[in-house]
Every structure is written in C-alpha cells, then in structure tokens.
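Line by line, the protein sequences are chains A, B, C, D, E, F, G, H, I and J. If you read the first sequence in our numbering, its first letter stands for residue 1, the second for the next number, and so on. If you read the second sequence in our numbering, its first letter stands for residue 1001, the second for the next number, and so on. If you read the third sequence in our numbering, its first letter stands for residue 2001, the second for the next number, and so on. If you read the fourth sequence in our numbering, its first letter stands for residue 3001, the second for the next number, and so on. If you read the fifth sequence in our numbering, its first letter stands for residue 4001, the second for the next number, and so on. If you read the sixth sequence in our numbering, its first letter stands for residue 5001, the second for the next number, and so on. If you read the seventh sequence in our numbering, its first letter stands for residue 6001, the second for the next number, and so on. If you read the eighth sequence in our numbering, its first letter stands for residue 7001, the second for the next number, and so on. If you read the ninth sequence in our numbering, its first letter stands for residue 8001, the second for the next number, and so on. If you read the tenth sequence in our numbering, its first letter stands for residue 9001, the second for the next number, and so on. Using N, Cα and C, we set each Cβ at its ideal position, and we do this for glycine too.
Protein chains: 10
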Amino acid sequence: MSREILETFPNPKPERDYTIEHTTDEFTSVCPKTGQPDFATIVLTYIPDELCVELKSLKLYYFSFRDKGIFYEAVVNQILDDFVAVCSPRWAEVRGMFNIRGGIASEVSAEYVKP
Amino acid sequence: MSREILETFPNPKPERDYTIEHTTDEFTSVCPKTGQPDFATIVLTYIPDELCVELKSLKLYYFSFRDKGIFYEAVVNQILDDFVAVCSPRWAEVRGMFNIRGGIASEVSAEYVKP
Amino acid sequence: MSREILETFPNPKPERDYTIEHTTDEFTSVCPKTGQPDFATIVLTYIPDELCVELKSLKLYYFSFRDKGIFYEAVVNQILDDFVAVCSPRWAEVRGMFNIRGGIASEVSAEYVKP
Amino acid sequence: MSREILETFPNPKPERDYTIEHTTDEFTSVCPKTGQPDFATIVLTYIPDELCVELKSLKLYYFSFRDKGIFYEAVVNQILDDFVAVCSPRWAEVRGMFNIRGGIASEVSAEYVKP
Amino acid sequence: MSREILETFPNPKPERDYTIEHTTDEFTSVCPKTGQPDFATIVLTYIPDELCVELKSLKLYYFSFRDKGIFYEAVVNQILDDFVAVCSPRWAEVRGMFNIRGGIASEVSAEYVKP
Amino acid sequence: MSREILETFPNPKPERDYTIEHTTDEFTSVCPKTGQPDFATIVLTYIPDELCVELKSLKLYYFSFRDKGIFYEAVVNQILDDFVAVCSPRWAEVRGMFNIRGGIASEVSAEYVKP
Amino acid sequence: MSREILETFPNPKPERDYTIEHTTDEFTSVCPKTGQPDFATIVLTYIPDELCVELKSLKLYYFSFRDKGIFYEAVVNQILDDFVAVCSPRWAEVRGMFNIRGGIASEVSAEYVKP
Amino acid sequence: MSREILETFPNPKPERDYTIEHTTDEFTSVCPKTGQPDFATIVLTYIPDELCVELKSLKLYYFSFRDKGIFYEAVVNQILDDFVAVCSPRWAEVRGMFNIRGGIASEVSAEYVKP
Amino acid sequence: MSREILETFPNPKPERDYTIEHTTDEFTSVCPKTGQPDFATIVLTYIPDELCVELKSLKLYYFSFRDKGIFYEAVVNQILDDFVAVCSPRWAEVRGMFNIRGGIASEVSAEYVKP
Amino acid sequence: MSREILETFPNPKPERDYTIEHTTDEFTSVCPKTGQPDFATIVLTYIPDELCVELKSLKLYYFSFRDKGIFYEAVVNQILDDFVAVCSPRWAEVRGMFNIRGGIASEVSAEYVKP
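Okay, structure coming up:
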C-alpha cells in the first residue's frame, strides 16, 4: 500500500486536457474490525499533468492492500492521496464500490482538483 | 426505528468533501392501512462532516422499521431526519424505491443541505 | 377519467422539497380513430405542496381511462391537468411511453411548475 | 372471448412439421373477485396441421377478454381450448405471464398434443 | 407459517396436466442463529390435481414466516411439505434464492412427485 | 421521401411546452455508392407549436426512403428539414443510429430551434 | 428471392459433422395484404455436407425479398427450401423473428433433416 | 485451505433428494507461477445425504485459499474433494469462473456422484 | 496509421451544427513494451465543418494501427490529431475503451474544440 | 497458427472427467478474399485426458492467426484439430462467433469425441 510502488511515465500530450480511467474489479483488503476480507471495484479517473501512472505498477499498488486492515472510507481517500502525491494530476477522482456486507452495498468516492 | 440505534465514527478525511453511499434491498416495514408488509430498496448518500455512520448500526436501524406501520413518504423523510440528527452531514439524500402495489411502483427521495 | 376519483392526504413533510414518483405499466385506453386498445407505461413525478396523491385512488383514476377514446398527447396532458387541479403540487411531470403501433413507439411528456 | 373471432388460413407447408409463436404483452382481463383489471403477456406456440391462425383475428380475440371476469388458470386453458377447436393443430402451448399482484407474479402454461 | 393459512379452489381444468408458477421477491424470515432477518425470492411451481392454491392466501402464508427463526434448507422443505399437504398436486417444486450473507448467495430447491 | 406525405393535426395543448418522441427501428434506405440497403433506428423528438405529426403518415414518410439512394448525414438532415417544414415545431431533434458497416456503427443527430 | 442467387463453396471439413449459423437483423419483405413492409431477424443454422453457403451471396439472397409480397410462414419455409435445394445440408433450421404488428410479435421456425 | 475448516450440520430432510447451491464472487488465490492474485466466482451445488455444509465455515474455507499458490484446475478439484470428504453428499458439482488473464477467461467444473 | 488514409467528402449541411458518431469494437494495435496485441472499442464523435470523414477510409485508417507499437494514451491523442488535421471539425472527441490487462480495464478520451 | 506453439502440462486429476473452458474475445485473422481483418470470440471447451493446455501458450497460439488469411469454417476446424493433436482430450468443442460482415453475424462450432 506504500505509494512508492506507483510508477509514472511522461504524459505524451501535456498540452491537451484529456482523461484516463482505470477500472479493476480485483481489489481486496481486510476489515480492521473483523479480520475478514473486503472486496471492491475501484475506478481511478484523472486528467494528467506532466505524468501518467504506469498500468502494471498500479496493479501492484492495488495488490499491496491485500493484507492491510483498512476501512472503506480510508481506502478511497488513501488511493487518491497516494495517486495525487505521485502523479500530481490536474484533476482526479477515485470511486470504490464495495461488495454487500450485512445486506448493504457501499460506494465511496472522492475528488481532487489541482489548486 | 429509534435513531439512537445509529452509531458513528470520526470522518477519517474531514478536510475533503467526498461522498459515501449505502444501498440495501432488504428494507421492509408495514403498511399502516392494510397491516401488510411493504418492501423497498433504500439508498442513503451523504458528504460527511465530522462523523460517518457505522455500517452495522445502519443495518440495525433499518431493521427497526420491520414491525412499524409507516407510509412511504414518512419512511424516507424519517430516515433523512434521523440520519441528519445523528451524523450532521454536509449534504445527504435518501431514496426509497418501493415494490409494486396495485400495479404501481413508487419512489420517494429527499435531500438535505447543511445550512 | 374524471379527476374526482383522485384522493389526497396531507403532505407529511411540507417544509421540505422532496420528490415522489409513481410508475405503472398497466395503463390502457382506446384509440379514438380505430377503436383499438392502446397500452402505455405512465410515470408521474411531483414535488408535493400541501397534498400527496393517495396510491389506490391513483390506480382507480388510471383505470377510468380503460374505455375512453383518447389520443396519446391528450392522455398525458389530461393526467397532468387533473393531477395539478387536485394536488396543487410545487412541480409535476407526466411521462407516457406508448407501445409500438405501425413499427413506431411513442413517448409524450409534460411538465408543470407552480407559478 | 368467443372463439368465432378467430380466423384461419390454409397452412402453406402442411407436409412439414414447423412451429409458429405469437407473443403479445397487451393482454388484459378483469379479476372476477375484485373487478380490477389483470394484465398478462401471452405466448401462443403451435405446430400447424391444415390451418394457421390469422394474426389480426388473434389480436381481436385477445381484445375480447378485455371486459371479461376470469381467473388466470381459466384464461390460459380457455385460449388453448379455443385455439385447438378452431385450428386443430398438431401441437400447441399457451403461456400466460401475469403481472405482480400482492407481491406475487404468476405464470400458467398448458399444452395440447393431437391424439 | 401454519399451513392452515393456505386456501384452495377447485382446479378449473383437472382433465389436463398444466403448470402454475408463483414467484415472490418479498419473502423474509429470521436467522435462528443470529436473530437477523433473511430475505429470499421464492418460486413455487406445480401441476394441480383437484386443487389450486388461492393467491392471496399464499401471500399471507409467506408473511407468516416473517418472525420465525428458520434455516434456508428448512424454509424450502417446509413450504413444499405444507403446499403438498394442502393442495395434493401431481407435481410440485419450491426454489428459494436467498440474499448474500458473508459474500455467499444460496439457493435451495426441492421437488415432489405424486406417488 | 417527399414531405407531402407527412400529415398533421392541431396540437391539443399549445399553451404548454411539452415533448413528443417517436422511435422506429424499421427505417431502411439504399447506399448511393454500393446500391446495398442501409438500416437504422430513427428517433424524432419535438416540442409542438400549432401542429403535431400524425403517426400513420410518419410511418408512410419513413417508408418513402425504402428505395432512395441517400447517405447517413443526408437522411437525418432531410428528415429534420421535412419535419420542420411541415410541423413548424418550437424545437425538434432527429437521431439516426445506423447498423454496422465494415465493423463501424454510426449515429447522426441534428437539432432545430425555432428562431 | 430466386435461389439462383445463393452461391456455395466446398465444405473444408466434410469428414466432420459441425454447425454453421448465420444471423441477420436486416431482413425485410412486404406484407401481401397491406403492402406495408415487414421486418425480421433471420437465423439460418446448418450442418454442411459437401457445400457451404457463401456469405455475400446469402446477403444478396435475403435482399431479394425486399420487394416481394409474402407471409411470415412462407418466408421461413421458402428460405429453408431454397437453402436445402442449393446446399443439400445434412441438417438445417431457419428461424424468423418478425417485428411487432398489432401488438403481437411472431416467430416461425422450420427444420430439415437429410433423409 | 485445509478441509478441517468446513463444518456441517445434520440434513433437516434426508428422506428427500433436494439441491443446495452456494455462490460467491469473492474467491481469490495466488498464481503459483507469477505470484500474482487470481480471482474467481465459485459455485458449489450438491444434494445432501446426512450432512449440510455450514455457511460461515464455507466462507472461512474459501478464505483459506487467499495466500495459497494453486492452479485453476487444482482449485476446483480440491474444493470438490474437500467438500466430498467432509459432507459425503449424494451428488456435488463445483464450478470456478476465473477472471480474464491475457485476454482469456477460464471456467473449470467438476462433478461427483456417490457410488 | 498514416493520416493520408483518411478521406473526406463535403458536409451536406454545413449551415447547421450537428453531430456524427462512429463506433468500432474492432480496433487492435500492439503494446510497445510486451509486443502483445491490444484491443479496444473506439468512439469518434464530431461536429463537421466543411468536411465529413468517409466511412470506409476510417475503417482502413483504424486497420493501419494493427501492427503498430503504441500506448493507450498515444492511440487516442493520435487519432484525434489525425482526424482534426484532415477534417478540421468544429468539435471532436475520441474515446478508446481498452480490454482488460492485468485485471484493469482502461479508457482514454480526448476532446478538440475549434478555436 | 502453428500447433507447436501450444504447450501442455499434466492433468492434475486424470482419474475424474471434468471440463475446462477458455474464452477470448480477442481473436483476429484476415479474410483471404478481401484482405480485411476478421474478429471473433473463440470458446474452447474440453475434458482433459493426460494433458491440459497451458493458458499463455493458448494466447500465443491464437495470436499466430493475426496475419493469416483463413475462412471462418477453417478457423474453427483448425483450432480443434491442432488442440486435439497436441492435448489428445477425451472430448473437445470449439465455437467461433464472428463479428457482423454485410449485416450478418456468423457462428461456427465443431466437436471432437475420443474414439
């Protein structure tokens, strides 16, 4: 879950605002309360500035959550914070859709705008 | 149905506006007119301020409607009022999609904005 | 089709703007030209002011169109007019999605805003 | 609902067993108990012998149920009986899928095989 | 959950084998272990002999499970046993599709053939 | 394809802005280049002023394209021009979704606003 | 609609029974009664013997129905007869799913087995 | 992944053959070749003899694969072997639908019949 | 991938702003890192000015990427640049939805507005 | 397209008949007539005997068709022949669902049973 896993490459078209969206339904972490696994679909959308995130490193970054105890709200905010720290995008959004627990499905989403 | 059932935990990222959405298709109450059960999907969406709602307590809160006689419009407004009273969110919305009765499906939705 | 069939009850939360939507796929009337039945899904959405429409009376009101010869455009506008006359909502919309005739499906929708 | 409404035309290929299926989602009759309308999708499938059913007369035949008080089970069996009496098919099946009443959707299906 | 709630009416076409299927997504009972509500879709299919089940009584019969603590496997077998005891069908099947618990959805189905 | 085919009737509610939408998936014309048939779904949406288009004449109007060699872009613009010339609506839009040719599906849409 | 349009090529694997299925949703003919166009999806499935049907010629063959007045039942049986006459398959089936007319959708299917 | 995790309870209706199906989309293991996580939906279906599997223990059993390096084919056969060893069912089937890897989705299914 | 492949024809209705959208799910290029093929759905939407893109040349242009090593972000930006250079539209957008790689699906979209 | 690309590993459970299915929607070859690319979804299903196909080699094998001119019927039969030659399964089936060409979608499927 350490953000050092995330690698970048130079944005091939920095003179244009355009959006990139990466979606995985293979995110899993651990509930800090029960110790049971959580599962989610994570959607990361951003407008790159100087850097784009490298796809394979993003996969490895997501896998780093596999054994970590962390709540839904923290998952989404931490992914956003890590991504912003590493890629410094013009705009970014992270959405996490978490599987049903106790009959309730949950979705958390957070947005970042470059100041 | 008493709002004391709802428990909270501190918002882990209060410096950022972000949204949380909890959806259940396991809501049931009783029609005050006929005494017959009603069934609904309830979607609660909010931007937390200082507090987030604890998921298990939300489940128990919904279950507290199981034997209560209450109309559709009151269900949605009461959930919103209870949630706002307990969590004091920056923004919140409750949508209730009620099963077909007499050939008619009904949806009620209400919104709250912190003054 | 007479609007006297529609019954109301007091809005339980008049201090808040919120929306109510009733959807039926069991609407049928008669084509005034051919005498053949027409079929439609009708969606009624509104923001109540002092009054809400009673669900069973709405069902009976829709059933009152069963033997009436009336064109699509008139169906939707008359439902809106009748509903507004009886419930005096802050806002209302009626959408009618009519089944395929001659290879063409038709949808008519009209909106009312309280002056 | 009288079977005289059904018209036929000669099977253009009686030397071959083949199937014809007509589906309508515009069937409506009246509940004999409550006087309220019922709605159904009706699927008629058959292997013609000497006669095929004429499509427009089938539509009119279905419309003849519009004001008739009749239970689900009787609807399906009567359509099958009427169709068999008029068209004398090698094989036939009628399925009726009736809209939700009291939270329950119902389907009735009956089959005929020429002795 | 008492089978006396189920009412019957004479099969209008006993000389023909045909099938009737009733589906509800409004079944709820209570987990005997946790005391928490369970939710299921129940599909009852049968070939009537002398008797058909009356639809409104079936709804009330399902509602009688609302406060009863009972496991999935027992729900389906008891509905089948009660239905067979009351209606004595030529053939019957009950399927229960239970909502996700602990990340696992469950379906139980049982069949009866008249000896 | 001549616009004289289109017939109108007086708008029954000219004092209100409301929308009418007619959708057909039975539009076919001929590719002027290859002579092969093209197929499309056409959606016509408008806010009537004094006149509404008569449904059967619209069907006949669409059928008048059946043998005409015409490109996608011209189909949509001509339907819009013909419709505006005949019905003089307050607002209108025509969308044509054309079937896959060479692995590519195409959609053309044009809008008219009364000056 | 003449079967001479259909071209063939040698089955590349005649020593094995295998199936080929061609599906088009671009079939249109004319109703002999009303002169109005009919539209259908046609599915042709077969086990080739010595010959396979060439795809482009099949398209042209279907287009040859465009101006022909012919009933649903005749469409399906004629396509099957023409195909069998030209390709002499080990087995073949033609299914035609015709668009809604008078609120009724129709499907006709016929099968051939080499003696 | 040890089969001792699986717990059972007595079949409440051993005199009747009936089926139980448990489906989870939260199965994850590790590819023994790459060390990367695999994800699958697992469907376990069986006819119980004397014993049923307890749902919560099934969940824990699936979670025991989380850190285990194991190929698709071995996953499905081992679940079936473990389940049969513990529950001794009359019949059982395990299906595993594994997420896309290298553009290819894979499904493995194995069946057991009591001798 | 050379933009000379793209051919144009004069916009038949330059006096009106209208949109054209071409969608293909048959785009494939090669990953410059692994040498393995990538697959995408490409949606090109634009408001033509003086020129429209000819459909067959667009197909050939897409096929010119088949053996080219190029990253997702570059694919979308290059298609947009080539299209703008050749057609000089009033507005254009290119969206590329790339198939799952490493459990992650990616979408890139870029927009152009005529200055 | 050479079958030497296919690699195998020993079936981990040869004493049991079970099925394996690999599905890709990333198959592309070239039409020998037009030189234009074809696209298909390929489903390979088999019961292994002594050998299973290695997934990555299957991907590479499919990619070997990328530049090969070959007809639909030959694609499916050759994949089956190559797979049987390399893996010698107890049973195997290959289905190819080819994209729309000239308005017609095509599916070819072939089956092998070990003598």
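Report back the beta-carbon spacing between residue i and residue j to the nearest angstrom; my notes put them in contact at under 8 Å.
i: Ile1079 of chain B; j: Ile1042 of chain B; result: 7 Å
i: Ser2088 of chain C; j: Glu2007 of chain C; result: Not really, about 14 Å apart at Cβ, beyond 8 Å.
So, using beta-carbon positions, are residue i and residue j closer together than 9 Å?
i: Glu4073 of chain E; j: Cys7031 of chain H; result: no
i: Ala1105 of chain B; j: Thr2023 of chain C; result: yes
i: Gly3103 of chain D; j: Lys4114 of chain E; result: no
i: Ile20 of chain A; j: Thr45 of chain A; result: yes
i: Phe2098 of chain C; j: Glu2111 of chain C; result: no
i: Pro8014 of chain I; j: Phe5071 of chain F; result: no
Please report how far the alpha carbon of residue i lies from the alpha carbon of residue j, in whole angstroms.
i: Asp1049 of chain B; j: Phe1083 of chain B; result: 12 Å
i: Val3076 of chain D; j: Arg2016 of chain C; result: 49 Å
i: Arg2090 of chain C; j: Thr1034 of chain B; result: 29 Å
i: Phe5063 of chain F; j: Ser3002 of chain D; result: 36 Å
i: Arg8095 of chain I; j: Glu8026 of chain I; result: 14 Å
i: Ser109 of chain A; j: Tyr1018 of chain B; result: 6 Å
i: Phe4009 of chain E; j: Gln1036 of chain B; result: 23 Å
i: Asp7081 of chain H; j: Asp7067 of chain H; result: 20 Å
i: Phe7065 of chain H; j: Ala7092 of chain H; result: 20 Å
i: Ile1100 of chain B; j: Val7086 of chain H; result: 44 Å
i: Ser5029 of chain F; j: Gly5069 of chain F; result: 7 Å
i: Glu6054 of chain G; j: Leu8055 of chain I; result: 25 Å
i: Tyr4061 of chain E; j: Asp7038 of chain H; result: 45 Å
May I have a chain-ordered list of the beta strand (DSSP E) segments no shorter than 3 residues that lie completely inside the segment 2022 to 2106 of chain C? 2037 to 2047, 2051 to 2053, 2091 to 2101
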